[in-house]
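S.K.:
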Ligand code: ARG
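Residue numbers (my numbering): 47 to 572.
What follows is the structure, encoded as structure tokens:
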């Protein structure tokens, strides 16, 4: 269990047990179940302690609260946080779109959540390695080659991802009528794996066309993934891992195919009966490579929940092979769009570019006076926040009204609150900015002040639970507290100006840093 400075300090005072933030602020900042009243040994950082029906409620001193807020504002808190993951390393596998298919809304979710998890671990001092396990190998290429040869009206060079996708969809439609096509596809993949020149050259072009498209999307999202080895990289590394399985007696023959069996799960196929490899084998070779190259403490897979069985089989196989690293599958839920899940095979995918175009249109409506660049930041921020605000395990429904809402739980709401803070700060009159030691804070001021230090805990918890939503939710609470404070208190020109500016600056700083962790930009005005 990792703790923040404040939590550690409470521990030093013999306050042990589950430290919780009471839902009702009137019960203090921390509450812990204790048998009897706890006496603090040094209580200069605590305003008061109350023992109420089995709980010790602790009210932190405003000076302590201000001190943590200052450390967050000036970035000093990062030094403390970065001690947590010292000497630890992780590889995170995320995004991973498939060549010759559109970058779908599911890959968008993986990209957004994966990047946020990367950022969270990074701020905690872990060495992070991101790897984009592109789907650039596999039987689908056999199918695609058949389709290109049969129905492709133009040179492969001139095709777009949409053309490739259309051909892929057509393959599946035609294969329903003519089963021999599937066999033909399998043979073409076999030829590809054997190094056939024609198959290789078509495949290579498909990869180039798709990468060009994907890179445009990554640019737009502002995402840069450290590596993109992709499945094809393991082409010559699979034999070694199959050999390891054979050596450990883990391979069984089944109807000409090679499989690996598990105690409580169905078997996984390692090699098909025609000798071609599988997604599973490539993933196993990937683990071996990652261990040999980086030997990370932890390997995180940001893949949809529909691949849960695959991941469980994979991690179990890795254990059987003797890899002792920790593995974690984030297993994000689906994004639903009125009618249900999308699938490329049926050709119902909502293309990411369409989603982005629409978001930009909507952003223009809510930020009409902003520059093109800022409108883009609002649009992309809204899409990302929608992916990040909810527990990754849950399915989400894509609802434009919610995504772009200025009042609700949305990215634009946070960006708007940040811009509001900035406009207050720009009007400041009291340049001395000295805050008296003894203050009597009013309720909204105090409520806001009591939010700041939680930022550190929330970062830790979010990383620990692989759930950026913990930070997202916290930022929404912070913004709500700020807006309540703002609605009831004048700031500029008041005798409380300096401390209210302090509250405003702290809010702005946390919103900016928090959104940055989520991969979302802020805009200075809105
Ligand atoms: N390309 C795959 C898909 O779209 C996801 C790959 C995830 N990563 C992995 N190591 N299997 O379904």
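Glycine included, each C-beta is placed from N, C-alpha and C at the ideal position. This structure is a prediction, so every number in the text was calculated from the model and none was measured.
#1: Do the segment 298-308 and the segment 260-272 make contact, defined as three or more Cβ pairs closer than 8 Å?
#2: Taking the alpha-carbon positions, what's the residue 320 to residue 285 distance?
#3: Return yes when the Cβ of residue 348 is within less than 8 Å of the Cβ of residue 575, no when it is not.
#4: Are there 16 or more other CB atoms within 10 angstroms of the CB of residue 432, so buried, or fewer, so exposed?
#5: How many angstroms separate the CA atom of residue 529 from the CA atom of residue 436?
#6: Looking at the unbroken beta strand (DSSP E) that takes in residue 79, where does it start and where does it end?
#7: Given that a residue counts as buried once 16 or more other Cβ atoms are within 10 Å of its Cβ, and exposed if not, what is residue 200?
#8: Say yes only if the C-beta of residue 347 is nearer than 7 Å to one or more non-hydrogen atoms of ligand 1, and no if none qualify.
#9: Would residue 456 be called buried (16 or more neighbouring beta carbons within 10 Å of its own) or exposed?
#10: So residue 514 and residue 142 are supposed to be a Cβ contact under 8 Å. How far apart are they, rounded?
#11: Residues bridged to residue 273 by DSSP?
#12: With 16 as the cutoff for other CB atoms within 10 Å, does residue 552 come out buried or exposed?
#13: With DSSP collapsed to three states, give me the class of residue 567.
#14: Please state if the CB of residue 184 and the CB of residue 277 are separated by a distance shorter than 8 Å.
#15: Relative to the C-alpha of residue 90, which candidate in 108, 475, 98 has its C-alpha closest?
#16: Identify every residue that forms a DSSP beta bridge with residue 102.
#17: Under the criterion of a Cβ to heavy atom distance below 7 Å, does residue 324 qualify as lining ligand 1?
#18: Tell me the start and end of each unbroken alpha helix (DSSP H) in the segment 383-452 that is at least 4 residues and wholly inside, in chain order.
#19: Cβ of residue 433 versus every heavy atom of ligand 1: is any distance shorter than 7 Å?
#20: Rounded to the nearest angstrom, how far is the Cβ of residue 429 from that of residue 406, given a contact under 8 Å?
#21: Residue 205 by DSSP, collapsed to three states: which one?
#22: Please classify residue 249 as buried or exposed, where buried requires at least 16 other C-beta atoms within 10 Å of its C-beta.
#23: Going by beta carbon distance, what residues of the same chain come within less than 6 Å of residue 115, once the five residues before and after it are set aside?
#24: Give me, in chain order, the residues of the same chain whose beta-carbon lies closer than 8 Å to that of residue 128; leave out the 5 immediate sequence neighbours on both sides.
#25: Consult DSSP for residue 303 and reduce its assignment to one of helix, strand or coil.
#26: Identify every residue that forms a DSSP beta bridge with residue 144.
#27: Sorry if obvious, but does the Cβ on residue 378 come closer than 7 Å to a heavy atom of ligand 1?
#28: Check whether the segment 477-496 touches the segment 453-467, counting contact only when three or more Cβ pairs, one atom from each stretch, lie closer than 8 Å.
#29: Is the distance from the Cβ of residue 198 to the Cβ of residue 145 below 8 Å?
#30: Can you give me the start and stop residues for the beta strand (DSSP E) that residue 377 sits inside?
#31: Tell me whether the beta-carbon of residue 491 lies closer than 8 Å to the beta-carbon of residue 450.
M.R.: This is what the structure gives:
#1: no
#2: The residue labelled residue 320 in the question sits at position 274 within the chain shown. The residue labelled residue 285 in the question sits at position 239 within the chain shown. Taking the straight line from one Cα to the other gives about 15 Å.
#3: Because the chain is modelled from 47 through 572, residue 575 falls outside the range shown and cannot be assessed.
#4: Within the chain shown, the letter at position 386 stands for residue 432. Label assigned to residue 432: buried.
#5: On the chain shown, residue 529 is found 483 positions in, with the first residue counted as 1. On the chain shown, residue 436 is found 390 positions in, with the first residue counted as 1. Cα-Cα distance, rounded: 22 Å.
#6: As a working mapping, residue 79 is identified with position 33 in the chain shown. Run containing residue 79: 76-79, per the beta strand (DSSP E) assignment.
#7: Position 154 of the chain shown, counted from the start, is the residue given in the question as residue 200. When all chains shown are included, residue 200 counts as exposed.
#8: In the chain shown, counting from the first residue as 1, residue 347 sits at position 301. At least one heavy atom of ligand 1 is nearer than 7 Å to the Cβ of residue 347, so yes.
#9: Position 410 of the chain shown, counting from 1, holds the residue named residue 456. Here residue 456 is buried, its C-beta having at least 16 other C-beta atoms within 10 Å.
#10: Reading the chain shown from its first residue, position 468 is the one you call residue 514. Reading the chain shown from its first residue, position 96 is the one you call residue 142. So it is not a contact: roughly 18 Å between Cβ atoms.
#11: The count along the chain shown starts at 1 and reaches residue 273 at position 227. Beta-bridge pairing links residue 273 to 177.
#12: Within the chain shown, the letter at position 506 stands for residue 552. Classification for residue 552: buried.
#13: Position 521 of the chain shown, counting from 1, holds the residue named residue 567. Coil at residue 567, not helix or strand.
#14: The residue labelled residue 277 in the question sits at position 231 within the chain shown. The residue labelled residue 184 in the question sits at position 138 within the chain shown. Yes. Within cutoff.
#15: Here residue 90 refers to the residue found at position 44 of the chain shown. Taking only the C-alpha atoms, the option nearest residue 90 is 108.
#16: On the chain shown, residue 102 is found 56 positions in, with the first residue counted as 1. Per DSSP, 78, 97.
#17: Counting from one through the chain shown, the residue named residue 324 turns up at place 278. Not so, every heavy atom of ligand 1 lies at least 7 Å from the Cβ.
#18: Segments of the alpha helix (DSSP H) lying fully in the segment 383-452: 398-412, 418-434, 446-449.
#19: The residue labelled residue 433 in the question sits at position 387 within the chain shown. Not under cutoff, so the answer is no.
#20: For the purposes of this step, residue 429 is taken as residue 383 along the chain shown, with counting starting at 1. For the purposes of this step, residue 406 is taken as residue 360 along the chain shown, with counting starting at 1. Contact flag wrong, Cβ pair sits at about 10 Å.
#21: Your numbering for residue 205 matches position 159 in the chain shown. If DSSP states are grouped into helix, strand and coil, residue 205 belongs with coil.
#22: Your numbering for residue 249 matches position 203 in the chain shown. Buried.
#23: Translated into the one-based positions of the chain shown, residue 115 becomes position 69. Within the same chain, residue 115 has close Cβ partners 498, 552.
#24: Translated into positions along the chain shown, residue 128 becomes position 82. Same-chain partners within the cutoff: 169, 170, 171.
#25: One-based indexing of the chain shown puts residue 303 at position 257. Residue state, collapsed to three classes: strand.
#26: Counting from 1 along the chain shown, the entry for residue 144 is found at position 98. Bridge partners of residue 144: 181.
#27: Translated into the one-based positions of the chain shown, residue 378 becomes position 332. Outside the cutoff, so no.
#28: Proximity of the segment 477-496 to the segment 453-467 falls short of the contact definition, fewer than three beta-carbon pairs being nearer than 8 Å.
#29: Indexing the chain shown from 1 puts residue 198 at position 152. Indexing the chain shown from 1 puts residue 145 at position 99. Against a cut-off of 8 Å, the Cβ pair of residue 145 and residue 198 comes out as no contact.
#30: Start at 1 with the first residue of the chain shown, and residue 377 comes out as number 331. Note, residue 377: premise wrong, no beta strand (DSSP E); not H, not E.
#31: Position 445 of the chain shown, counted from the start, is the residue given in the question as residue 491. Position 404 of the chain shown, counted from the start, is the residue given in the question as residue 450. No, the Cβ-Cβ distance between residue 491 and residue 450 is not below 8 Å.
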